[in-house]
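> Have a look at this one.
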Amino acid sequence: MIVAPAFKTFRVLAIAALASAPVIAAAPAPQDIVNARMAGMKKMGGAMKAIGEQLKSGTPDKAVVTAAAQTLAATAKAQGKLFPANTRPAAGLKTGALPAIWTDRKTFDADMANLVAASTKLASVAGTGDTATIGAQMKAVGATCGACHRQFRAED
C-alpha cells in the first residue's frame, strides 16, 4: 500500500498531539479529601502543641517556634479548599464535619479566613522571641480554632 506523504505527516502530528496532551487525572475520592483535611487539622494541632511547649519551657527556641508557626499558617491556608460539597457527611463517609459547613458556608468561610489571618500573624511574630506577644497570638489562634469547631465539628 502506498501512503501519501501528506497522510504520513498528518499521522505523525496526530500522534505527537496525543502524546503531548495533558493527562486528565481522576478526581480524588471524597474520603481521600476528608482524610487530607483531617491530616491537616492534626498537623495544625501538632504545630500549636510545639509552640505551646516551647513557650512553657521558659526559653523558647526561636527556630522551632518559627517553623511551627509557618507550618500552621501554610496548612491553614490550604484547609478551606478541602471542604467541597461531595465531602459533606454521608453514609459511608467518615468525617467529623457537621452539615452546617455546607448550609452556612458564608460563616464557615469567614471562620477559615480568620484562622488564616490569625495564624499568619502568629508566623510573623514567631521569630521575635517575645514570649508575651507570641503567647497572646497563640491564644488568638486558639480562639479562632475553637469558634469554628464549636459550630462546625462533631464532638469526638
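Under our numbering, the first residue of the sequence shown carries the number 7, and numbering increases by one thereafter.
Using N, Cα and C, we set each Cβ at its ideal position, and we do this for glycine too.
Note that the coordinates shown come from a computational prediction; the quantities given were computed from them, not determined experimentally.
Could you give the DSSP three-state label for ARG159: helix, strand or coil?
Looking at ARG159 - three-state DSSP - the assignment turns out to be strand.
> Reducing DSSP to helix, strand and coil, say where GLY51 ends up.
Three-state DSSP puts GLY51 in a helix.
> Among LYS83, PRO105, LEU78, which one has its Cα closest to the Cα of ALA91?
Among LYS83, PRO105, LEU78, the Cα nearest to that of ALA91 belongs to PRO105.
> Which same chain residues end up closer than 7 Å to ALA73 when comparing Cβ atoms and leaving out the 5 residues on each side of it in sequence?
Correct list: empty, nothing qualifies.
> Roughly how far, in whole angstroms, is the beta-carbon of ALA53 from the beta-carbon of LEU78, given that I think they are within contact range, below 8 Å?
So it is a contact: roughly 4 Å between Cβ atoms.
> With a CB to CB cut of under 7 Å and the five nearest residues on each side skipped, what residues in its chain are close to THR139?
Cβ neighbours of THR139 beyond the five flanking positions: VAL131.
> Identify every residue that forms a DSSP beta bridge with ALA103.
DSSP output for ALA103 lists ARG159 as bridge partner(s).
> Can you tell me the Cβ-Cβ gap for ALA129 and ALA75, rounded? I've got them flagged as a contact below 8 Å.
Indeed they touch by this definition, with Cβ atoms about 4 Å apart.
> To the nearest whole angstrom, what separates the beta carbons of GLY46 and ALA84, a pair I think is in contact under 8 Å?
Rounded, the Cβ-Cβ distance is 6 Å, consistent with contact.
> If you drop the 5 nearest sequence neighbours on each side, which residues of the same chain put their C-beta closer than 6 Å to that of CYS151?
Here the set comprises nothing.
> Roughly how many whole angstroms lie between the Cα atoms of PHE114 and THR81?
Taking the straight line from one Cα to the other gives about 17 Å.
> Using the C-alpha atoms, what's the distance from ILE39 back to ALA123?
Each residue's Cα considered, the two are about 23 Å apart.
> How would you write the range of the alpha helix (DSSP H) that ALA88 sits in, first residue to last?
Ala is not the amino acid found at residue 88; the sequence shown has Leu there. Here LEU88 belongs to no alpha helix (DSSP H), and DSSP marks it neither H nor E.
> Could you say which of GLU161, LYS100, LYS127 lies nearest to GLN143 if we only look at CA atoms?
When each option's Cα is compared against that of GLN143, the closest is LYS127.
> Quick check on the DSSP output: the alpha helix (DSSP H) that includes ASP117 runs from which residue to which?
From DSSP, the alpha helix (DSSP H) with ASP117 extends over 111 to 132.
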